[in-house]
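*Asks:*
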């Protein structure tokens, strides 16, 4: 399945991949240097603890303007672990995988393909990440991407003891994984809450960047509740603490020495620290951990709508007092939203008692509820506020339905466009008489300069009104087609090579 190159997750884990081709082993290095630190150490299956460290207590609240970072690092360093992994990943056909540098988020995760290769292959993958102990009997939190595809996970404690870990479960939707090692009386970290954090507060990160274990870095909270591409279920904490490859899964501490987040992603054009790091709130991670420990998996709820932000023109057209809420563009037939009577053109203003200020708030609020839970949705329709009760479904059902799709989007994939019809409010706001909204752009269209949010109003001089028409034109095109776009009220043509 093709990967959306606009929204690739470059997580923080450095990797060394060796490609197995035609029975011969070809060495192929990816990621950044220090590969000698990326080899997982061999640990006995039943390691016996030889030394114990008492669980760290929260560091006393500092005086005005003073934070004792040394005390935080000293009190908690023993519970921060290094994680080495080895395993295999399936690599698709050439051109089907992620492109290095396609997105500035996360860690570089390229899988180079041998020239002329045309068959799926298995990569041998080795890498390192970080984690931290949350239970004295050996429960560890880290990132899902750290252990994704791993057949062997080795946990190394700062006192040099090593253990083979079991992966109790992973949740790709929040990027949280739970590990278990067979040990007793282990040191643990104190747990806080992201809700107590303020923008400007000091934070400290501990991890193993580039394999340098138990490295501490300091910064401040730059923002809260950040939404990132393809990460709709996590309200990230943004910091300027130096986070680098290998920090994935490590803890983020507040000024009282309590864990408030799991370091997960960076924004970087170089692959290293550039002052933009993102952590999963510990409140989110603990909910996932509790589910995984109890049932082996995490569940998230879904509403069954496609929505968008409300800008000033849309707010005026709907009679809203300000741009707020999530505008429902489409309602999935048979979904909880459909059964509750929501329809295209409604503006969702709240979920339960929590306000929906922007589109990013909606999946966060819905995803944190449990499947089967009934919530009240407040929405705006026909110039007034209304409400309805919705019994939420499981997000897993949506993934199953998507996997069983009829594959009719093949021609759109050929162009690299994700399209949908305009809703009536969108049509009025844009002033377009016909056209399709471009929701996402990949491949040839992205290279040609087409942008998400453009309106496709014509192909080769012919007006466009349906997605089927676009598919037909793409099938008939031999080498290139001319896309007629509307962007910011102006019309432009973009040539697109398809052959």
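In the working numbering, the protein residues as written are -4 to 494. The beta-carbon is built from N, C-alpha and C at its ideal position, and this holds for glycine as well. Model, not experiment: these values are computed from the prediction.
At the level of alpha carbons, what is the spacing between residue 48 and residue 237?
*Replies:* With a pLDDT of 41 at residue 48, under the threshold of 50, the modelled position of that residue is not reliable, and the figure given next carries that caveat. Each residue's Cα considered, the two are about 27 Å apart.
*Asks:* Note down, in chain order, each residue of its chain lying with its Cβ closer than 7 Å to the Cβ of residue 396, except the 5 sequence neighbours on either side.
*Replies:* For residue 396, the predicted structure reports a pLDDT of 35, less than 50, and the residue's modelled location is therefore unreliable. A value from the coordinates is still provided. The answer is none, since no qualifying residue turns up.
*Asks:* Helix, strand or coil for residue 495, going by three-state DSSP, please let me know.
*Replies:* Outside the displayed range of the chain (-4 to 494) lies residue 495, so it cannot be described from this structure.
*Asks:* Mapping DSSP to helix, strand and coil, what is residue 446?
*Replies:* coil
*Asks:* Any heavy atom of the ligand ADP inside 7 Å of the beta-carbon of residue 450?
*Replies:* Only the bare structure without any ligand can be found here, which leaves the ligand ADP out of the picture.
*Asks:* How many Å lie between residue 74 and residue 128 at the Cα?
*Replies:* Pairing residue 74 with residue 128, the inter-Cα distance amounts to about 5 Å.
*Asks:* Please classify residue 146: is it buried, with 16 or more other beta-carbons within 10 angstroms of its beta-carbon, or exposed?
*Replies:* Residue 146 should be labelled exposed.
*Asks:* Counting Cβ pairs, one atom from each stretch, are 3 or more of them under 8 Å apart for the stretch 428 to 441 and the stretch 333 to 350?
*Replies:* no
*Asks:* Hey, could you find the ends of the beta strand (DSSP E) residue 248 is sitting in?
*Replies:* 246 to 248
*Asks:* Are the CB atoms of residue 184 and residue 216 nearer to each other than 8 Å?
*Replies:* no
*Asks:* So the candidates are 468, 66, 151 and 321; which of them puts its Cα closest to the Cα of residue 491?
*Replies:* 468
*Asks:* Looking only at DSSP bridge pairs, what is residue 158 linked to?
*Replies:* 150
*Asks:* Mark residue 369 as exposed unless 16 or more other C-beta atoms lie within 10 angstroms of its C-beta, in which case mark it buried.
*Replies:* exposed
*Asks:* Does DSSP put residue 358 in a helix, in a strand, or in coil?
*Replies:* helix
*Asks:* Would you tell me roughly how many angstroms separate the C-alpha atoms of residue 339 and residue 324, rounded to the nearest one?
*Replies:* 5 Å
*Asks:* Would the beta-carbon of residue 496 fall within 8 Å of that of residue 480?
*Replies:* Given a span of -4 to 494 for the chain in the structure shown, any question on residue 496 remains unanswerable.
*Asks:* Strictly by DSSP, which residues pair up with residue 188?
*Replies:* According to DSSP, residue 188 bridges with nothing at all.
*Asks:* Taking contact to mean 3 or more Cβ pairs, one atom from each stretch, closer than 8 Å, check whether the stretch 145 to 163 and the stretch 270 to 282 are in contact.
*Replies:* no
*Asks:* Determine, using beta-carbon pairs with one atom in the stretch 339 to 357 and one in the stretch 312 to 327, whether at least three such pairs fall under 8 Å.
*Replies:* yes
*Asks:* The beta strand (DSSP E) that contains residue 303, what's its start and end?
*Replies:* 300 to 304
*Asks:* For residue 457, which of helix, strand or coil comes out of DSSP?
*Replies:* strand
*Asks:* Tell me the residue span of the beta strand (DSSP E) that contains residue 383.
*Replies:* 379 to 386
*Asks:* Does the distance from the CB of residue 133 to the CB of residue 176 come in under 8 Å?
*Replies:* yes
*Asks:* Figure out for me which residue from 478, 346, 444 and 268 has the closest Cα to the Cα of residue 212.
*Replies:* 268
*Asks:* With residue 389 and residue 296 assumed to form a contact (beta carbons below 8 Å), what rounded beta-carbon distance in angstroms separates them?
*Replies:* About 7 Å separates the two Cβ atoms, so the contact holds.
*Asks:* Looking only at DSSP bridge pairs, what is residue 168 linked to?
*Replies:* Note: residue 168 sits in no beta bridge, so no partner.
*Asks:* Can you tell me the Cα-Cα spacing of residue 78 and residue 241, whole angstroms?
*Replies:* 9 Å
*Asks:* Give me the DSSP bridge partner(s) of residue 138.
*Replies:* 171
*Asks:* Could you tell me if residue 384 is buried or exposed, where buried requires 16 or more neighbouring beta carbons within 10 angstroms of its beta carbon?
*Replies:* exposed
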